[in-house]
């Protein structure tokens, strides 16, 4: 059985809801949830530490934006960028001061949105993130220091 799949992932998410801050932000259109962004302290995302491409850049404590879900009819409307901007207040309220993400920076366009669940580098740049490392042609590590 692979780590963080199936029942293990369900247990981990349930634990995150029960023990800590909410594991993400939700965007609404009226009363309808239309987008979600996963954000939590980096050490919550065990697989990041095991990745050669996404392993920690340094020892600074960061809050990681690990993935997005945006309802298909809302894609391309800037919701990822707005969720990234909203992350500031959330991270500050939890005592954090650095947000980090692992978006895709496609070499070829158009890029299939089905593979863009970590977000696009352009959205991160537009939200004030700066690239701090790149160990893969298409996967930068980007950060934003909060004031």
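In full-length UniProt numbering, the protein residues as written are 1 to 147.
Yeah, the Cβ is synthetic: ideal placement off N, Cα and C, and Gly gets one too.
Quick caveat, the model's predicted, so the values are computed rather than measured.
Worksheet item: Quick one: complete beta strand (DSSP E) runs, 3+ long, within the UniProt domain "N-acetyltransferase" (1-147)?
Response: 24-29, 32-41, 63-70, 98-101, 130-134 and 140-145
Discussion item. Can you list, in chain order, the residues of its chain with a C-beta nearer than 7 Å to that of residue 57? Leave out the 5 residues immediately preceding and following it.
Written reply: 132, 133 and 141
Discussion item. Am I right that residue 104 and residue 82 are in contact with their C-beta atoms under 8 Å? What's the rounded C-beta distance?
Written reply: Not quite, the Cβ-Cβ distance comes to about 19 Å (not below 8 Å), so this is no contact.
Worksheet item: Should the region 120-132 be regarded as contacting the region 95-103, the criterion being three or more beta carbon pairs within less than 8 Å?
Response: yes
Worksheet item: Does the Cβ-Cβ distance between residue 118 and residue 67 come in under 9 Å?
Response: Taking the C-beta atoms as reference points, residue 67 is found nearer than 9 Å to residue 118.
Worksheet entry | Environment of residue 221 [buried if 16+ CB atoms lie within 10 Å] | Nothing about residue 221 can be read from this structure; the chain reaches only from 1 to 147.
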